[in-house]
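Let me begin by presenting the structure, written as structure tokens, before commenting on it.
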């Protein structure tokens, strides 16, 4: 299977990807929520277009340069979910706004002033969401009164059209029970709705409530009032959704093919995938550095840059030359390490997929 | 300073790099040790050529595809310090051996047979080092008798010229005192010398003893008998050498420029460098995810993919838009995330340096 691929290689099952997208779009549509997927997970035009074709309303980018790549390839409805700070970046943002329908976010006065000045220079009001803190103190303004106070301070900046709130409830990834995840999902909705009401009661016109993690977006039923979800990871799934039981192995589209390159003893096997393939990312509920498909008895207990160290309690029958499949702890960081990933279907490589925005971190 | 660079950006001080290379070459030359630097740290033709120009005898590559890039650009004396396993990779290795002077390594019978078959097909004996375990059970054969036993098993493979031993003493990175590092360095030398003697007493002709970490290569005085060191990290230095006091801040050539993008409270600042810039790598003796130059009071306590979370015990005076410099925990994984790094001198950008072998993990 996939004999033509040299390892390590990233394979992505297209049937699973297509099902994951359709399920996410359909689920959210039931509750009148639009899906604007975060493309940081795949950084590829191919998958972004698959998402748009299957009902997504636009995309979310992590950085300005990711958005540039997407616009270059004809994708025009984009939320940049990161503050654009500094004159040079604002100039580049301006060039992008000239060519596409870009939504921005702010979480500081400095950021708001810079963006507004850009809007004024361009002679338009830039569509802007205020980031509301989702519990991880990542730069969002605290929900409720603090957000109202912030909104009042930026209200008169004439280059901005403050039209929505942006929220990332990152603490949800610390939950591994359905009950805990539902509670956090309800909190996302509650904090956004209350803050929206407060602002609109004070003369604002907040119509977009954007939230999203690949946990809460699965619980769309509890996202009352939310208008858009930005889930990104769900397209592949990984250890972060597999270990807490949110998905099954057959929902995990992205795997790393790796070869056993040495067998120092009967318990240990060394593979050709290290931190430059799998990254050092661990997860709240994952074990080691990835899940070895068909070998639940084996743990990837350590990584060097080019070596993965696997061990089992009983002797294992892996031998030099064997090829294994790994579901990584965190899929979103894997395509970024590659120029190309391989789209597979029914055990055959169907398409080489360029990771167009690989490395775009600016 | 470096105002023209959008952040996050990787800057590399060329004066420091040149000094680091020259010091390493000179130090080892005093003890008759050649320096064959590991280019996995920089993955760039520019720096490989700087190393060769300043007295290195060749280079070490982590993977076949890294070596391909180097050969493509005219660098011809290469050790591939990773087992080449499987028919497809061996074929590509053959193409490379046709064009350059490649040294290989083996640590399994399967690997030895594959390599020998390639040599036979090519009508030549391939220069091959046996990997001796350096204490981390990464695939090397245990020093002494086990290596002799292994060598006897592969002796009659007619495609191989068994000419040396390869050793990576990874446990040395667990030491943070000069005494501990010297002890481990002496052990490298002792295990290699004893194993060499044992083999040569049994009819082998082992002339190359290759070792190397950026810790032990600084202790060349204690590397008796070693003929080549493969140190790689030393060209930049990073948290792994800075925190235990092996180098000073002014020896750290690679830094990440990053911008404060939000200031959620007076103790916290959020920067635009996360795991896709700094990686999740920690170090034995580092604190957080990097050392913030000029701000020893600040810790990078958490990373998301695009966000770095910084905190100080007392209120800090960082503000949105400020640009900081970070010395990463582990420099070797940073250039790999970028197409380009910036060579700087006296505070000015002198040259854009392509990371030619970025992402070459095969």
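Protein chains in written order, with the numbering used here: chain A, 303 to 664; chain B, 303 to 664.
Glycine residues also receive a C-beta, built at the ideal position from the N, C-alpha and C atoms.
Chain A within 8 Å of residue i, Cβ atoms only
i: residue 377 of chain B; result: no
i: residue 448 of chain B; result: no
i: residue 641 of chain B; result: yes
i: residue 328 of chain B; result: no
i: residue 455 of chain B; result: no
i: residue 572 of chain B; result: yes
i: residue 365 of chain B; result: yes
i: residue 440 of chain B; result: yes
i: residue 549 of chain B; result: no
i: residue 390 of chain B; result: yes
i: residue 561 of chain B; result: yes
i: residue 518 of chain B; result: no
i: residue 451 of chain B; result: no
i: residue 445 of chain B; result: no
i: residue 529 of chain B; result: no
i: residue 387 of chain B; result: yes
i: residue 661 of chain B; result: yes
Closest Cα partner of residue i within the set the options
i: residue 356 of chain B; options: B:612, B:654, B:322 and B:630; result: B:322
i: residue 427 of chain B; options: B:543, B:400, B:312 and B:536; result: B:400
i: residue 542 of chain A; options: A:513, A:379, A:583 and A:568; result: A:583
i: residue 642 of chain A; options: A:306, A:556, A:311 and A:635; result: A:311
i: residue 414 of chain A; options: A:487, A:455 and A:367; result: A:455
i: residue 653 of chain A; options: A:349, A:324, A:334 and A:339; result: A:349
i: residue 406 of chain A; options: A:516, A:638, A:326 and A:512; result: A:512
i: residue 473 of chain B; options: B:462, B:463, B:466 and B:488; result: B:488
i: residue 308 of chain B; options: B:636, B:624 and B:662; result: B:624
i: residue 576 of chain B; options: A:634, A:457 and A:417; result: A:634
i: residue 396 of chain B; options: B:373, B:409, B:591 and B:459; result: B:373
Residue burial classification, residue i (beta-carbon count within 10 angstroms, cutoff 16)
i: residue 493 of chain B; result: buried
i: residue 603 of chain B; result: exposed
i: residue 619 of chain B; result: exposed
i: residue 534 of chain B; result: buried
i: residue 598 of chain B; result: exposed
i: residue 338 of chain A; result: buried
i: residue 479 of chain B; result: exposed
i: residue 353 of chain B; result: buried
i: residue 433 of chain A; result: buried
i: residue 435 of chain B; result: buried
i: residue 255 of chain A; result: The structure shown does not extend to residue 255 of chain A, since chain A spans only 303 to 664, so no value can be given for it.
i: residue 460 of chain B; result: exposed
i: residue 504 of chain B; result: exposed
Pair within 8 Å by beta-carbon distance, residue i and residue j
i: residue 558 of chain B; j: residue 566 of chain B; result: no
i: residue 580 of chain A; j: residue 617 of chain A; result: no
i: residue 530 of chain A; j: residue 510 of chain A; result: yes
i: residue 594 of chain B; j: residue 626 of chain B; result: yes
i: residue 647 of chain B; j: residue 316 of chain B; result: yes
i: residue 608 of chain A; j: residue 506 of chain B; result: no
i: residue 314 of chain B; j: residue 555 of chain B; result: yes
i: residue 367 of chain A; j: residue 662 of chain A; result: yes
i: residue 563 of chain A; j: residue 387 of chain B; result: yes
Contact with chain B by residue i, beta-carbon distance below 8 Å
i: residue 581 of chain A; result: yes
i: residue 597 of chain A; result: no
i: residue 525 of chain A; result: no
i: residue 589 of chain A; result: no
i: residue 637 of chain A; result: no
i: residue 308 of chain A; result: yes
i: residue 461 of chain A; result: no
i: residue 300 of chain A; result: Because chain A here runs from 303 to 664, residue 300 of chain A falls outside it and cannot be looked at.
i: residue 384 of chain A; result: yes
i: residue 564 of chain A; result: yes
i: residue 412 of chain A; result: yes
i: residue 358 of chain A; result: no
One or two residues paired with residue i in a DSSP bridge
i: residue 404 of chain A; result: A:380
i: residue 608 of chain A; result: Answer is none; residue 608 of chain A lacks a bridge partner.
i: residue 363 of chain B; result: B:382
i: residue 655 of chain A; result: A:643
i: residue 548 of chain B; result: Beta-bridge pairing links residue 548 of chain B to no other residue.
i: residue 614 of chain B; result: B:600
i: residue 463 of chain B; result: B:429
i: residue 469 of chain A; result: A:434
i: residue 340 of chain B; result: B:362
Cross-chain neighbours of residue i in chain D, by beta carbon under 7 Å
i: residue 609 of chain A; result: The structure shown contains no chain D; its protein chains are A and B.
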